[in-house]
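Novice: Take a look at the following structure, please.
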Amino acid sequence: MQRGRLRIGEILAQLGYITQEQLEEALRIQQSTRELLGEVLQRLGYITAEQLAQAQAYQFGVDYERLNLNSISPDVRNIVPAYLARQLRVLPLRKEKHRLVVAMLNPLDLIARDDLQRITSCYIKPVYTEPELLQQAIDLFYAVDSSYQADAEPPEDSLVLLRAEEEISEDVDHVEQLVQQAPVVKLVNDILVQAVRMGASDIHFEPKRRGLRLRYRIDGDLVDIRTIPTSMMPAVIARVKVLADLNLTERRLPQDGRFSFQVQARRIDVRVSTLPNQHGERVVLRLLNNSQVNYRLDALGFSEVNIQRFQSLIHQPYGMILITGPTGSGKTTTLYATLREISRAEINIMTCEDPIEYEIEDISQSNVNEKVGLTFATQLRSILRQDPDVVLIGEIRDRETAEIACRAALTGHLVFSTLHTNDAASAIPRLIDMGVEPFLISSALIGVIGQRLLRRLCASCRKEDTPAAEEQLAIGKDVARLYRARGCSQCLQRGYKGRIAVHEVLVVNHTIQQLILQRAEAQRIADEAIRTGMVTMQQDALAKALAGVTTLQEVIAKVGLPETKDEREAILLAA
4 MQRGRLRIGE
14 ILAQLGYITQ
24 EQLEEALRIQ
34 QSTRELLGEV
44 LQRLGYITAE
54 QLAQAQAYQF
64 GVDYERLNLN
74 SISPDVRNIV
84 PAYLARQLRV
94 LPLRKEKHRL
104 VVAMLNPLDL
114 IARDDLQRIT
124 SCYIKPVYTE
134 PELLQQAIDL
144 FYAVDSSYQA
154 DAEPPEDSLV
164 LLRAEEEISE
174 DVDHVEQLVQ
184 QAPVVKLVND
194 ILVQAVRMGA
204 SDIHFEPKRR
214 GLRLRYRIDG
224 DLVDIRTIPT
234 SMMPAVIARV
244 KVLADLNLTE
254 RRLPQDGRFS
264 FQVQARRIDV
274 RVSTLPNQHG
284 ERVVLRLLNN
294 SQVNYRLDAL
304 GFSEVNIQRF
314 QSLIHQPYGM
324 ILITGPTGSG
334 KTTTLYATLR
344 EISRAEINIM
354 TCEDPIEYEI
364 EDISQSNVNE
374 KVGLTFATQL
384 RSILRQDPDV
394 VLIGEIRDRE
404 TAEIACRAAL
414 TGHLVFSTLH
424 TNDAASAIPR
434 LIDMGVEPFL
444 ISSALIGVIG
454 QRLLRRLCAS
464 CRKEDTPAAE
474 EQLAIGKDVA
484 RLYRARGCSQ
494 CLQRGYKGRI
504 AVHEVLVVNH
514 TIQQLILQRA
524 EAQRIADEAI
534 RTGMVTMQQD
544 ALAKALAGVT
554 TLQEVIAKVG
564 LPETKDEREA
574 ILLAA
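The sequence shown begins at 4 in this note's numbering and counts up one residue at a time.
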């Protein structure tokens with residue numbers, strides 16, 4: 004084929020993406036609608052945006068490249084300035100010796116290529132990709148570069164008081180005035196807004212020798228955004244501390260604070276934690292977006308078996324129910340959804356949290372404040388004198404809190420709490436290790452839910468694939484298909500969008516009560532729970548992978564596969 008002389012329809016046909024009949028149909032429609040031929044073919048469902056871009060790349064005479072922001076080194080950001088990337092609509096992808104590979108909206112724009120070559124001192128190799136993805140990728144890659152020049156050195160006198168620890172001004176008013184400067188304020192504001200737009204749950208400011216590393220946690224994974232110049236690092240950290248009402252002059256001790264802001268009529272609450280580090284203060288912001296929290300149990304990923312078992316527990320008149328899992332496994336969301344499920348006018352629901360993450364209507368929530376001596380145990384005693392029917396304890400951290408919770412469950416209250424253990428069965432030995440008597444646990448505990456969060460496959464771009472031999476071996480039996488991540492504009496090229504919970508619901512029966520009294524190890528308790536119908540987290544996760552909700556790789560990385568062949572085959576039969 005002679006590229007330049009072929010039209011896009013001919014190229015698509017010769018590449019095998021469309022038939023001659025489909026091309027003729029699209030051409031007939033184009034004559035009446037005056038649309039671009041590619042748009043018509045996409046609307047008819049004959050080609051994808053990626054196939055059209057591949058054909059256009061062939062027409063331009065350049066390579067097609069599928070964008071993946073996670074594979075682009077942040078170092079190339081400094082080669083092409085943000086203003087130039089936006090102006091020319093180009094995105095640097097990688098440097099190969101003296102050659103810079105650049106995705107361009109118009110690879111034939113020789114003036115733009117000359118400008119890039121002059122500024123970067125590199126030979127420019129243009130490639131082509133989907134225009135929509137290119138624009139989105141430019142916005143994300145230069146996420147916190149705005150109209151101000153964040154990479155430029157600020158005036159010397161503006162940061163001199165923050166350059167060294169011994170030079171920090173004790174005049175707090177002066178320091179606050181310093182960090183109110185427009186470039187710093189705009190930079191921090193842009194970081195916050197961009198994090199919300201990308202669905203981040205946390206923002207990490209990590210001081211390094213060469214600058215302040217900025218990362219967002221998205222769907223459980225940390226994603227590199229950029230490195231803020233060392234010259235701006237003190238002012239950025241100070242600006243965050245001002246927002247959180249922290250002590251600017253204290254850099255040797257950790258501090259905690261919070262603030263709120265509003266984006267598109269959504270209120271975002273932010274918890275701030277600082278920690279002295281080798282090269283400065285490390286700051287982590289937890290973003291609490293109430294509008295993104297789904298408080299319905301049926302939307303949290305419970306399988307049919309698990310939701311039935313869990314529903315039977317939460318509608319008991321009394322007893323203790325624990326939600327277990329590591330930090331960030333969605334325990335609080337499950338608890339809030341549970342309270343919403345059982346809430347009604349006739350019952351008094353009270354919580355004891357550290358801190359309150361989200362406000363729930365019609366429920367009395369209270370904060371722990373250990374600085375003034377208001378611990379979980381102290382507050383829990385007071386709550387029990389407030390005539391509650393249901394009590395939520397944010398976390399069981401010590402024997403005193405655990406014992407009060409058990410006794411509350413034994414005196415007619417339904418008690419919910421969380422515990423940090425790897426699985427449901429391990430919660431029982433953990434309570435015993437805290438010093439709680441087995442007879443208290445045996446009498447009070449009615450159920451334990453273990454859970455994890457897995458990344459959910461993007462429904463817009465997931466693809467079916469034949470399992471590889473090693474995947475068949477890992478699963479333990481031949482399966483017809485698996486689903487894999489690809490990446491599109493809907494999921495920011497990551498292949499995943501959102502997260503789904505996997506669960507195991509352990510119901511305490513008479514046999515498990517006897518095992519608790521015998522101080523049995525977690526495995527014996529788990530074996531009995533499985534014998535009486537508990538679906539393990541590994542089984543639940545594998546079932547979701549086979550259904551195309553997540554990937555096998557995600558299951559293996561986060562929870563592992565079912566240990567026995569019988570457990571795996573049970574899931575395969577169910578699927």
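The beta-carbon is built from N, C-alpha and C at its ideal position, and this holds for glycine as well.
Note that the coordinates shown come from a computational prediction; the quantities given were computed from them, not determined experimentally.
Per DSSP, which one or two residues make a beta bridge with Pro129?
Specialist: In the DSSP output, where bridge partners are listed per residue, Pro129 has Val105.
Novice: Taking Gln496 as the reference, give the member of Glu524, Ser463 and Leu246 with the closest Cα.
Specialist: Closest option to Gln496, Cα to Cα, is Ser463.
Novice: I'd like the ranges of any alpha helix (DSSP H) spanning at least 4 consecutive residues and lying wholly in the segment 218-301.
Specialist: Those alpha helix (DSSP H) runs which fall completely within the segment 218-301 and span 4+ residues are 236-246.
Novice: By DSSP, does Thr327 sit in helix, in strand, or in coil?
Specialist: Of the three classes helix, strand and coil, the one that applies to Thr327 here is strand, per DSSP.
Novice: For Leu395, which residues does DSSP report across the bridge?
Specialist: According to DSSP, which records beta bridges pairwise, Leu395 is partnered with Thr354 and Phe419.
Novice: With a Cβ-Cβ cutoff of 8 Å, do Leu249 and Gln258 count as a contact?
Specialist: Yes, the pair counts as a contact, with Cβ atoms nearer than the cut-off.
Novice: Taking 8 Å as the threshold (C-beta atoms), are Tyr131 and Phe63 in contact?
Specialist: Yes, the pair counts as a contact, with Cβ atoms nearer than the cut-off.
Novice: With a Cβ-Cβ cutoff of 8 Å, do Arg458 and Arg522 count as a contact?
Specialist: No, Cβ-Cβ distance for Arg458 and Arg522 is not below 8 Å.
Novice: Could you tell me how far apart the beta carbons of Ala340 and Ile431 are, in whole angstroms, since I believe they sit closer than 8 Å?
Specialist: Not a contact, Cβ separation roughly 24 Å.
Novice: Measuring straight from C-alpha to C-alpha, what distance separates Tyr145 and Thr330?
Specialist: Going by the C-alpha atoms only, they are around 30 Å apart.
Novice: Quick one: what's Ile363 bridged to in DSSP?
Specialist: The partner list for Ile363 (beta bridge, DSSP) is empty, contrary to what the question assumes.
Novice: Have a look at Tyr486, Lys500 and Ile366 and flag the residue whose alpha-carbon is nearest the alpha-carbon of Gln556.
Specialist: Nearest C-alpha to Gln556: Tyr486.
Novice: Go to Val511, then tell me how far its alpha helix (DSSP H) extends in each direction, as first and last residue.
Specialist: Per DSSP, Val511 belongs to no alpha helix (DSSP H) and is neither H nor E.
Novice: To the nearest angstrom, report how far apart Val375 and Arg400 are at their CA atoms.
Specialist: When rounded, the distance between both Cα atoms is 18 Å.
Novice: Using 8 Å as the threshold, is the segment 198-216 in touch with the segment 227-235, meaning 3 or more CB pairs across them?
Specialist: Output reads yes: the segment 227-235 touches the segment 198-216.
Novice: Since Tyr20 contacts Ala56 with CB under 8 Å, what's their CB separation in whole angstroms?
Specialist: Not a contact, Cβ separation roughly 11 Å.
Novice: Measure the C-alpha to C-alpha separation of Arg484 and Gly498 and round it to an integer number of angstroms.
Specialist: Those two C-alpha atoms are separated by around 18 Å.
Novice: With a Cβ-Cβ cutoff of 8 Å, do Gly328 and Arg455 count as a contact?
Specialist: The answer is yes: Cβ separation under 8 Å.
Novice: Tell me whether Asn351 is buried or exposed, calling it buried when 16 or more other Cβ atoms sit within 10 Å of its Cβ.
Specialist: It counts as exposed.
Novice: Are the segment 110-122 and the segment 81-94 touching by the rule of at least three beta carbon pairs closer than 8 Å?
Specialist: Result yes; three or more Cβ-Cβ pairs closer than 8 Å.
Novice: Can you name, in chain order, every residue of its own chain whose Cβ lies under 7 Å from the Cβ of Leu162, other than the five neighbours on each side?
Specialist: Note that Leu162 scores 23 on pLDDT, short of 50, meaning its location in the model is unreliable; the coordinates nonetheless yield the value given after this. Contacts found: Ser234, Pro237 and Ala238.
Novice: Does DSSP put Pro583 in a helix, a strand or coil?
Specialist: This structure gives no information on residue 583, because the portion of the chain shown stretches from 4 to 578.
Novice: What's the C-alpha gap between Gln45 and Gly12?
Specialist: If you take the alpha carbons of Gln45 and Gly12, they lie about 12 Å apart.
Novice: Opposite Tyr486 in the DSSP bridges: which residues?
Specialist: According to DSSP, Tyr486 bridges with Glu467.
Novice: With Glu531 as the anchor, note down where its alpha helix (DSSP H) starts and where it stops.
Specialist: Start and end: Ala525 to Arg534.
Novice: Is Leu215 helix, strand or coil when you go by DSSP?
Specialist: Here Leu215 sits in strand by DSSP.
Novice: Can you tell me which of the three DSSP states Glu507 falls into?
Specialist: Note: Glu507 maps to strand in three-state DSSP.
Novice: Please state if the CB of Phe419 and the CB of Leu395 are separated by a distance shorter than 8 Å.
Specialist: Taking 8 Å as the Cβ cut-off, Leu395 and Phe419 qualify as a contacting pair.
Novice: Of the residues Arg285, Gln281, Ala548 and Ala16, which one's Cα is nearest the Cα of Tyr61?
Specialist: Nearest C-alpha to Tyr61: Ala16.
Novice: Indicate the three-state DSSP secondary structure (helix, strand or coil) for Ser369 in the structure shown.
Specialist: It is a strand residue.
Novice: Looking at the structure shown, is Thr22 part of a helix, part of a strand, or coil, going by DSSP?
Specialist: Of the three classes helix, strand and coil, the one that applies to Thr22 here is coil, per DSSP.
Novice: The alpha helix (DSSP H) with Gln627 in it runs from where to where?
Specialist: This structure cannot speak to residue 627, because the chain is shown only from 4 to 578.
Novice: Between the alpha carbons of Asn292 and Arg274, how many angstroms are there, rounded?
Specialist: Their Cα atoms are separated by approximately 11 Å.
Novice: Ordered along the chain, which non-local residues of its own chain (more than five positions away) have a Cβ less than 6 Å from that of Val308?
Specialist: The answer, listed in chain order, is Val538.
Novice: Name, in chain order, the residues that DSSP records as bridge partners for Tyr499.
Specialist: Answer is Leu460.
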